[in-house]
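Some notes on the structure that comes next.
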Amino acid sequence: MAHRHILARAAVIAALILIRSTSADVLPDNRADVFYSKYSGGGMDITGYSATARAKITENFAVEANYFIDKVSGASVDVLSSASPIKDERRQKSGTLEYLHDKTTYTASYMSSVERDYISETASFSLSQSMFGDLTTVTLGFARTNNTVGDNGGTANKPDVTWVGHALTRAYSGGLSQIITKNFIAGVNLQVITDAGYLANPYREIRFLDPGKAVGYTLASQVYPDTHTSTAVQVQAKYYLPYRAAVTGLYRYYTDTWGVIGNTYELDYTHPIRDKWIFEGRVRYYKQSAATFYSDLFPFPFSQNFTARDQNLAALDNTTIGAKVTYAFLPDGWKVFKRGTVTADVSRIRFNYRDFRDIKDFGVAQGFAPGTEPLYQFNATVYQLYLSMYF
Amino acid sequence: MLRTSTLLKRCAMAAIVIASTAFAASGDASGPAPAFTLTSLSGQPSGLSAYKGQVVMVNFWATWCGPCQQEMPLLDQMYKKYKPAGFTLIGVNVDKEAPAVKELLTRKPVSFPVLLDPANQVSKAYHVDEMPSSVIIDRKGQIRYIHRGYKPGDENDYQDRIRQLIRE
Amino acid sequence: MRKRSILLLGTLSGALLLCSACGIQPWVKPYERDRLADPIMAWDRDAISSAYLDHIRESREGSRGATGGAGGGCGCN
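Residue numbers (my numbering), protein chains in the order written: chain A, 3 to 393; chain B, 113 to 280; chain C, 1363 to 1439.
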């Protein structure tokens, strides 16, 4: 229950990622994927199933459709009011049209994400242009999302949803990709996202010191600003090594009007073996500073205009190590399929919070005064398994 | 503020679309076709001089180029059809290594001669600026037409040009 | 801040427009793009997987946006 909104919002943001992997000379091959994923960590298990298909209708026009289901179960550290396990489901559908004319690719897409207490719809458009002898690709995009946020006062089986607000998100993006040498390509992306409306998660609460209570604190609702604007810039580069392998590096800087500053560093190594296997390893480090209105424990009620204790806005860092293996099991194709691959991908993430404490497992009863509970940390594992058929 | 941003966004998109028009399209060309000698997969040397007096189409292709693969069977058909009338098609492959070329041609053989240009000397001489590129040369050894890229339907264009030059 | 970013985008596009008129010749020829055309040099081999990982990260982090990549490849037409 508590975390569902965040997942929905994240999915929506993923849909806003308009800097798609296109090269504006030919439309990509036809492809169908069946995808399974599992996120396990922080007391939560989220299973995802997805099917995607894309096909060229003509040489210049392609369509893509995707259906995704997310199922959550578990009780996470954010569930403060009750220890009852959560089960919930989110359904997402999206459709994309791509049109190629000379060196320009135009893309339009629509996505809808529905769960009992959160509905989101996104419409996006982007344009990708190849220039300077196809060495440079420039992309511009715009997306708009409408969100309707609800509060489920009941349970997963007997819901009782009150719709508490709306939010409108607009994302503007620009990207530049440049071939530097025959072994080296680099790029830079810029994305400005602005939201307005009801931006809080109604299930998460703040706490303030209250000596009158046995636990030493009282819970209260979060109060978020009704606007949020963020800017992210990412620089990335890919280099083909002297033997058949590639190394990728990226750095992203994020800043927003809520005071969060995030730095992401990632390094990937891809190593194929003939045309049958592709091995990939990745390492990622992320560090962020807390939002200005975030606090793990407020001194008294109404101490600030805006108050939040959402762990996404805390000062945190995480480290990911991942490995991916792709196996091409149809080297000569089969009937209408030119190629078929199966991929397994595992990531292990370690989360560390510098100012968010674990109050679900620790409190006065265990000998911790409010504000001295251990800082929260947890490990999560993300599994992905997918079958891709090219036709 | 929103109006300014919308205006700027539109200007940016327009600028990009306009900038995109600065690229070479297929078209008529002129000048003598540079002579060349390359080896075939079997190691036999051959070149443009072997086909003096014929209409020649030099097609630059690579194993890693999708549209090149798409047009190969159609080029093969075209070669078989017009060969009796004095037409030859030379496939100049630009791959750096021969094994991939051999493997592809074993799986999908063609009947027209394929020569290897791993050092890209011939590609440079012909100023190849798009993959694939097809250069059509007349009986006198003059370049008459350069076709850049390949989209289904382009083979009709090739045939029109070839027929025109055969009749000359 | 948003106005500045959009202004930057506008200036960049204007600069590109002027540059294309200068007739810069590509220094990596189309017949030299074999490595760039290799699938291992694609920014994103599996978009579904990258979108999913972004989704997981954004649900646990305070950052969002600017991920992904375009361009590269064989440059064939």
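Think of the CB as a built atom: it goes at the ideal place given N, C-alpha and C, for glycine as much as any other residue.
Taking 8 Å as the threshold, find out whether the region 164-174 of chain B comes into contact with the region 194-206 of chain B through three or more Cβ pairs. Judged by pairs of C-beta atoms under 8 Å, the region 164-174 of chain B touches the region 194-206 of chain B, as three or more such pairs exist.
For A:Val163 and A:Leu82, the rounded distance between their alpha carbons: What you label residue 82 of chain A is simply residue 80 of the first sequence in a count that begins at 1. What you label residue 163 of chain A is simply residue 161 of the first sequence in a count that begins at 1. Caution is warranted here: a pLDDT of 46 is assigned to A:Leu82, below 50, making its placement in the model unreliable, and the coordinate value is therefore given only provisionally. Between the C-alpha atoms of A:Leu82 and A:Val163 there is a straight-line separation of about 19 Å.
Helix, strand or coil at B:Met78 [DSSP, three-state]: Outside the displayed range of chain B (113 to 280) lies residue 78 of chain B, so it cannot be described from this structure.
With A:Tyr296 and A:Leu318 assumed to form a contact (beta carbons below 8 Å), what rounded beta-carbon distance in angstroms separates them? Position 294 of the first sequence, counting from 1, holds the residue named residue 296 of chain A. Position 316 of the first sequence, counting from 1, holds the residue named residue 318 of chain A. The pair is not a contact, with the Cβ atoms about 11 Å apart (cut-off 8 Å).
So what does DSSP say about B:Met184, is it helix, strand or coil? On the second sequence, position 72 is the one that residue 184 of chain B refers to. Assigned with DSSP and collapsed to three states, B:Met184 falls in helix.
Reference A:Thr322, options A:Asn32, A:Pro274, A:Thr309, A:Val285, closest by Cα: In the first sequence, residue 322 of chain A corresponds to position 320, counting from 1. Nearest to A:Thr322 by C-alpha distance, out of A:Asn32, A:Pro274, A:Thr309, A:Val285, is A:Val285.
Return the Cβ separation of A:Glu100 and A:Ser114 in integer angstroms, given the expectation that the two are a contact with Cβ distance under 8 Å. Locating residue 100 of chain A in the first sequence gives position 98, where the first residue counts as 1. Locating residue 114 of chain A in the first sequence gives position 112, where the first residue counts as 1. Their Cβ separation, rounded to whole angstroms, is 19 Å, which puts A:Glu100 and A:Ser114 out of contact at 8 Å.
Going along chain B in order, which residues have a C-beta closer than 7 Å to the C-beta of C:Gly1437? Position 75 of the third sequence holds residue 1437 of chain C. Those are Met243, listed as they occur along chain B.
Neighbour list for A:Arg254 in chain C, Cβ cutoff strictly below 8 Å: One-based indexing of the first sequence puts residue 254 of chain A at position 252. For a Cβ distance threshold of 8 Å, residue set Ser1425, Ala1428, Thr1429 of chain C lies close to A:Arg254, ordered along the chain.
Close-in-space but distant-in-sequence residues of the same chain around A:Leu398 (CB under 6 Å, 5 per side omitted): For residue 398 of chain A there is no data in the structure shown, the boundaries of chain A being 3 and 393.
For the region 182-238 of chain B, list the beta strand (DSSP E) runs that are entirely contained and at least 3 residues long, ordered along the chain. Restricted to the region 182-238 of chain B, the beta strand (DSSP E) segments that are unbroken, complete and at least 3 residues in length are 199-205, 226-228, listed in chain order.
Can you tell me which of the three DSSP states A:Glu1 falls into? Missing from the structure shown is residue 1 of chain A; chain A here goes from 3 to 393 and no further.
Same chain only: Cβ atoms within 6 Å of A:Arg146, ignoring 5 sequence neighbours per side: Position 144 of the first sequence, counted from the start, is the residue given in the question as residue 146 of chain A. Ala125, Arg172, listed in sequence order.
Residue(s) in a DSSP beta bridge with A:Phe339: For the purposes of this step, residue 339 of chain A is taken as the residue at position 337 of the first sequence. Paired residue(s): A:Trp336.
Contact test: A:Ser75 Cβ vs the ligand COA heavy atom, cutoff 7 Å: Ligands in the displayed structure: none, and consequently the ligand COA is not present.
Run through the DSSP bridge pairs and tell me what A:Ala125 is partnered with. Working through the first sequence from its first residue, we reach residue 125 of chain A at position 123. Answer by DSSP bridge pairing, in chain order: A:Tyr112, A:Arg146.
In terms of residues, what are the limits of the alpha helix (DSSP H) holding A:His277? Along the first sequence, read from residue 1 onward, the residue named residue 277 of chain A stands at position 275. Checking the sequence shown, residue 277 of chain A turns out to be Asp, not His. From DSSP, A:Asp277 is part of no alpha helix (DSSP H); its letter is neither H nor E.
When you check each C-beta in the region 126-148 of chain A against every C-beta of chain C, which residues fall closer than 8 Å? Using a CB distance below 8 Å, the part of the region 126-148 of chain A facing chain C consists of Ser130, Ser132, Met133, Phe134, Gly135, Asp136, Leu137, Thr138, Thr139, Val140, Thr141, Leu142, ordered along the chain.
Go ahead and pull the three-state DSSP assignment for A:Arg92. Stepping through the first sequence from its first residue, residue 92 of chain A is reached at position 90. In the three-state reduction of the DSSP assignment, A:Arg92 falls in the strand class.
Mind checking which residues open and close the beta strand (DSSP E) that includes A:Leu178? For the purposes of this step, residue 178 of chain A is taken as residue 176 along the first sequence, with counting starting at 1. Per DSSP, A:Leu178 belongs to the beta strand (DSSP E) from 163-183.
Span of the beta strand (DSSP E) around A:Gln238: Here residue 238 of chain A corresponds to residue number 236 of the first sequence, with the count starting at 1. Boundaries of the beta strand (DSSP E) harbouring A:Gln238: 229-242, taken from the DSSP string.
Work out the CA separation of A:Glu268 and A:Arg311 for me, nearest whole Å. The residue given as residue 311 of chain A occupies position 309 in the first sequence. The residue given as residue 268 of chain A occupies position 266 in the first sequence. C-alpha separation (whole angstroms): 28 Å.
Tell me the DSSP secondary structure of B:Gln156 in three-state form. As a first step, residue 156 of chain B must be located in the second sequence, where it is residue number 44. B:Gln156: coil per DSSP, three-state reduction.
Contacting residues, own chain, Cβ-Cβ under 8 Å from B:Arg256 (five flanking each side not counted): On the second sequence, residue 256 of chain B is found 144 positions in, with the first residue counted as 1. So the qualifying residues of the chain are Asp140, Ala141, Ser142, Ile248, Ile249, Asp250, Arg273, Leu277.
Sheet register partners of A:Leu318 (DSSP bridge): The count along the first sequence starts at 1 and reaches residue 318 of chain A at position 316. In DSSP, A:Leu318 forms a bridge with A:Gln290, A:Tyr355.
Could you work out which residue in B:Thr218, B:Gly178, B:Val234, B:Trp173 is closest to B:Asn205 when comparing CA atoms only? As a first step, residue 205 of chain B must be located in the second sequence, where it is residue number 93. Closest by alpha carbon: B:Trp173.
Hey, is C:Ala1404's beta-carbon within less than 8 Å of any beta-carbon in chain B? Numbered from its first residue, the third sequence carries residue 1404 of chain C at position 42. It does not: the Cβ of C:Ala1404 has no partner Cβ on chain B nearer than 8 Å.
By DSSP, does A:His5 sit in helix, in strand, or in coil? Here residue 5 of chain A is taken as the residue at index 3 of the first sequence, counted from 1. Because the pLDDT at A:His5 is just 47, under 50, the model does not fix this residue reliably, and the point stays unresolved.
So is C:Gly1430 buried or exposed if we call it buried at 16+ other beta carbons inside 10 Å? Numbered from 1 along the third sequence, position 68 holds the residue referred to as residue 1430 of chain C. Burial call: buried.
Grab me the residues of A:Tyr241's own chain with a C-beta within less than 7 Å of its C-beta, minus the 5 sequence neighbours each way, in chain order. Residue numbering aside, residue 241 of chain A sits at position 239 when the first sequence is read from its first letter. Counting only Cβ-Cβ distances below 7 Å, and skipping sequence neighbours, we find Asn185, Phe186, Ala248, Val249.
Which same chain residues end up closer than 6 Å to A:Thr294 when comparing Cβ atoms and leaving out the 5 residues on each side of it in sequence? For the purposes of this step, residue 294 of chain A is taken as residue 292 along the first sequence, with counting starting at 1. So the list reads Gly261, once near-sequence residues are dropped.
Extent of the continuous alpha helix (DSSP H) to which C:Ile1418 belongs: Numbered from 1 along the third sequence, position 56 holds the residue referred to as residue 1418 of chain C. From DSSP, the alpha helix (DSSP H) with C:Ile1418 extends over 1409-1420.
Between B:Lys263 and chain A, is there a C-beta pair that is closer than 8 Å? Position 151 of the second sequence, counting from 1, holds the residue named residue 263 of chain B. It does; some Cβ of chain A falls within 8 Å.
Between the C-alpha atoms of A:Tyr388 and A:Asn68, what's the straight-line distance to the nearest angstrom? For the purposes of this step, residue 388 of chain A is identified with residue 386 of the first sequence, where counting begins at 1. For the purposes of this step, residue 68 of chain A is identified with residue 66 of the first sequence, where counting begins at 1. Using only the alpha carbons, I get a separation of about 14 Å.
Check B:Met243 in the structure and name its three-state DSSP category. Your numbering for residue 243 of chain B matches position 131 in the second sequence. Residue state, collapsed to three classes: coil.
B:Gly159 touches chain A at which residues, Cβ-Cβ below 9 Å? Here the question's residue 159 of chain B lines up with position 47 in the second sequence. Ordered by position in chain A, no residue passes the 9 Å Cβ test against B:Gly159, which lies about 27 Å from the chain.
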